[in-house]
Structure formats: C-alpha cells, structure tokens
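Enquirer: No gaps in the numbering here: position 292 of the sequence shown is 282 in the numbering used here, and each next residue is one more. Backbone N, C-alpha and C fix where the C-beta goes; we use that ideal spot for every residue, glycine too. Please find one structure pasted underneath; my questions will follow.
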Amino acid sequence: MPNRPIKLEGFNGYDPYTIAETTTDDEGNFTLSYDEDYFGMGIMTSGDDTKFIVVLSGEEIRLEGETLAFTESIRITEGQENMWFETFATEHPRREQSLSAWVYLEKIYEADSLFAIHETPKNAIQQEMKRIKTEDQDYIDALPEDSYVHWFLPVRRLVSSVSTIAQYRTDEIPEAFAFFRDIDYGSDKLYRSGLLKDTIEGHFWLIENSGRSLDSVYVEMGISIDRMLDTLVKDSDRFHELSDKLFDLLERRSLFTAAEHLANRVLEEDRLEVRPMFQRKMETYRAVKKGQTAPNILFQNRLFIPEKGASSTSGAPSMAVLPESMDDLQGEFTVLYFGSASCGTCTSELASINQNYDKWREEGVNVLYVSLDQDEQAFRRTMGRYSFNAIGDGLMWESPIVKDFHVYEMPTRLLLDSNREILLRLKSVKQMETWVDWYLVQGNLQR
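Right under this line is the structure:
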C-alpha cells in the first residue's frame, strides 16, 4: 500500500527497539537497512497491530505481497534463512496438530478395554508419532549449524509447546527440563531472539505444572536457578537484569521457597560484585524475612514526630516522655512503613492508614512511618496531615535505618510484634486492614 509507515524492530532482552523505519512510496515499495553484522529476530510493523517476523542474519531480504496486514499474501523471494524459517513456521504447526490427534488416539487405545487388546494399531500410532517428531527434528538438523535459525527454531518450538507438554505429553517433561537448563541465558542469541521473557517464564511454568509435589517442584527450580545463574555470571548487567526478572516472577507466582533460593544464591555469588541496591532486595529473604528479629530503631539525633491524639481509653497512652526507640512505642504490634512525599503510592496509602489508625490503635497496633525525604520541610508537611508516629534523618537511601532494613523500594511495609519479630512483609495497606479485621477484631489470633 502506498504512503504507509514501516518500522523494523529488533530485541534487546525483554524490550524491543527500533532498528529502522521508513514510508512506502507511491507504488507501495520500501527499503529498510540494518547492520550486516547484526543477528537476531526482527518484527516489521505498519502503523497498526500487524506484525511480520523476519530473521536478521546479515543477509538481504526481499519480500513481495500486497500489504503486511495480509501476511498470507507475502512471499519471501530472497533471504535463505527467512525461507527456512517460513517453511518451518508453516509445517511445524501442522505436525503439532497431527501429533496431538495421535496422542489423543494413543490414550484411547491404552485406556479403553475395547481397543487396548489390539497391539497392531497401538504400534502403528507410536510409529507415526515417532515419525512426525523425527521429521520435525530432521528439518532443523539439516540446517547449517552456524545459521541463526538452527539455534532459534528448537527454542521457539519448546517455548510454544510447554502447555501441551504439561497436559498431554508428560513423558517429554524431563527432556524439556534438560533443554531449558542447557540454554545460555546470557547469550546474544537469546537476548536478540524476542524469546527471552517467554523462555524464562515457560521454563518455570513447566516446572510448576509438571505434576510433582511442591517439595519436588522447589528442588527442580533450585537446579534450574543454579544452572541459569552459572550462564549469567560472565556478564554483570545481564546477571542483575535476569536475576531481578526471575525474582519478581517467582514472587508474583507465590513461589517463595524458590525466590529464597535465588536470593541466597545471588548473595553468596563470589564470581562478580552484586550491586548494593540489588543486594538489599535479595536480603529480604535473609536478613528481613518472616520470623527474623528486626533491628531496633533509635530516635536520638533524628527528627521524630510522635503520634497525635492518643488517649488512655484507646490503649495508647499519651506520651508524656518521648520514646527513645521503636521498642518504647506502646502497642502489641507495629506497622513499619518506609516511604516519601514523592512516592504516589505512599501518599494514597498513608491517607488510608490515617483513616484506619484509631481502629488499629484500639486493637493494639501502632504505626511508625520512616521518611526517605531529604527535605525536612516536606517531611513535616506530610506528617502535618497524619496522626501516627514518624521519623526521618534526611539521608534518603543512605539512611542507616534504610540500610539496616535493606529497603530497596518505596513503599516497603513490615508488620512486627512487640518483640520485633517480623510477622509479615505486607503487599499493601489493604492487606493490613484485612489482617486487623480477621485476627484482632474477630479474635482469630492465637496468642
């Protein structure tokens, strides 16, 4: 189509980036250029959701067709790796569809007594399944080993098949585990493939859904984490980036034992220097995890703003003498909240805490807000709106309090008991509201 924008994107880890862009001429023709030394996968777009995948391996690529919106009209007339990719991309789904049908029949012939006695068709089904898999692999094996598609196609095939393997072809799970663990997660091939995110997530999704006990799942994840980190230590940037992505994935999936294994492996790593802020994040599973005793916070030489309006009837006596440390705050529980005036989430959550504070104090919960503000006036203005205790030293991320608690993000929320034992690492103020209602108001806490 004439006068249409055309953009070519490549990949750098999780994120795509623009390599080149142009506009079609009056006859719909266009030319895009990329570095002949570049290799990886690319996506061509044309101003809408239409995408056409190309292999960027330094070769000249020529396409003919009507428009990117009608991908079935496009023919690759030049570019050998792209022709190989197109052929496999066309044939492999048909093989997979056929294989799924044979898997379904195989289960019937194994489980149904009407068919289970017939060995000849059972053997024929197994032979045909083997033939389909062999044909698929033979195509890849015939490609030049130094071609990008020779590396890319097996990875893409596995990543696109994890749900099928988990549900219908469970005998392939050990082989899939081994394949994932043999991948070099720090390689340029993977970083430029557009598959990095799906490969990591597919790897751990398959382990989680492999039909194992939870203990066994964590053992397998530990093995995979170790193998993955071993491939990343040669590149500090990629080590930190992918360890961080994986850590967030495991926490998001509530795979906390695996996240703890990852954190401990990172903290014990001696082949590179772990960055201080990332180290703090990993310490959430060692120094400030549930069950650990939190350090005391001393108020001397810091700006401490005591809570307002506490009354003896609420169980929180007015402070005739200012407390000298967190241990002196009265209450059975303490919510420790790290934030700043520049944090939007903090602003809304602090307002919510303030609305609930009278109720919380009646139930023996006090709040200590630790400000990361550098500006004392900003800190005072913030606390002028709220009733709970607050402290700040103007040192932001370099504050000894922040370092003692290994705070790496705002907000950070902890629930402590009167002995400073960490009971919860809170995900939100709403979670704390629910905890107070269930355990304290309704009396479900076993003291």
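Go ahead and label Gly374 buried or exposed: buried means 16 or more other beta carbons lie within 10 angstroms of its beta carbon, across all protein chains shown.
Expert: exposed
Enquirer: For Ala101, does the count of other Cβ atoms within 10 angstroms reach 16, so buried, or fall short, so exposed?
Expert: Exposed, by the Cβ-count rule.
Enquirer: With distances taken between CB atoms, is the gap from Val139 to Glu71 smaller than 8 Å?
Expert: yes
Enquirer: Taking the alpha-carbon of Asp238 as reference, which of Met267, Lys271, Leu257 has the nearest alpha-carbon?
Expert: Of the listed residues, the one whose Cα sits closest to Asp238 is Lys271.
Enquirer: When you compare each of Glu314, Glu76, Leu240, Asn(-7) to Trp195 by their alpha carbons, which one comes out closest?
Expert: Leu240
Enquirer: Suppose contacts are defined by Cβ-Cβ distances below 8 Å. Is Phe289 in contact with Pro313 by that definition?
Expert: yes
Enquirer: Met31 bridges to which residues according to DSSP?
Expert: Val45
Enquirer: Please list the terminal residues of the continuous alpha helix (DSSP H) segment that includes Ser342.
Expert: 334 to 352
Enquirer: Compute the distance between the beta-carbons of Glu423 and Asn346, then report whether it is under 8 Å.
Expert: Yes, Cβ-Cβ distance for Glu423 and Asn346 is below 8 Å.
Enquirer: Counting beta carbon pairs with one atom in the region 85 to 103 and one in the region 112 to 123, are three or more of them shorter than 8 Å?
Expert: yes
Enquirer: Starting from Asn286, trace the alpha helix (DSSP H) in both directions and tell me its first and last residue.
Expert: That residue, Asn286, is in no alpha helix (DSSP H); it is neither H nor E in DSSP.
Enquirer: Give a yes or no on whether the C-beta atoms belonging to Arg(-6) and Gly37 are separated by under 8 Å.
Expert: Yes.
Enquirer: Suppose the cutoff is 6 Å on Cβ atoms and the five residues either side in sequence are ignored; what does the same chain contact list for Ser301 look like?
Expert: The pLDDT assigned to Ser301 is 39, lower than 50, so where the model puts this residue is not dependable, and the model offers no usable value.
Enquirer: From Phe29, Leu46, Ala59, pick the residue whose C-alpha is nearest to that of Thr439; which is it?
Expert: Because the chain spans -9 through 437 in this model, residue 439 falls outside it and cannot be assessed.
Enquirer: I believe Ile51 touches Leu89 by the beta-carbon criterion, under 8 Å. Please report the beta-carbon distance rounded to the nearest angstrom.
Expert: Between Leu89 and Ile51 the Cβ distance is about 31 Å, and since that is not below 8 Å, they are no contact.
Enquirer: What is the residue span of the beta strand (DSSP E) that Gly329 lies within?
Expert: Gly329: member of the beta strand (DSSP E) spanning 323 to 329, first to last residue.
Enquirer: Among Ser338, Ala368, Ala253, which residue has its Cα nearest to the Cα of Asp234?
Expert: Ala253
Enquirer: So what does DSSP say about Lys298, is it helix, strand or coil?
Expert: coil
Enquirer: Using 8 Å as the cut-off, can you tell me whether the region 218 to 232 makes contact with the region 168 to 184, which would need three or more C-beta pairs spanning the two stretches below that distance?
Expert: yes
Enquirer: If you draw a straight line from the C-alpha of Cys336 to the C-alpha of Thr35, how long is it?
Expert: Looking at the two C-alpha atoms, the distance is approximately 39 Å.
Enquirer: Could you check the C-alpha separation between Thr124 and Gln117 for me, to the nearest Å?
Expert: 10 Å
Enquirer: So what's Leu414 in DSSP terms, helix, strand or just coil?
Expert: strand
Enquirer: Going by beta-carbon coordinates alone, are Thr67 and Glu49 separated by less than 8 Å?
Expert: Contact: no.
Enquirer: Measure the beta-carbon distance from Ser137 to Ser47 and round it to whole angstroms, keeping in mind my assumption that it falls under 8 Å.
Expert: 7 Å
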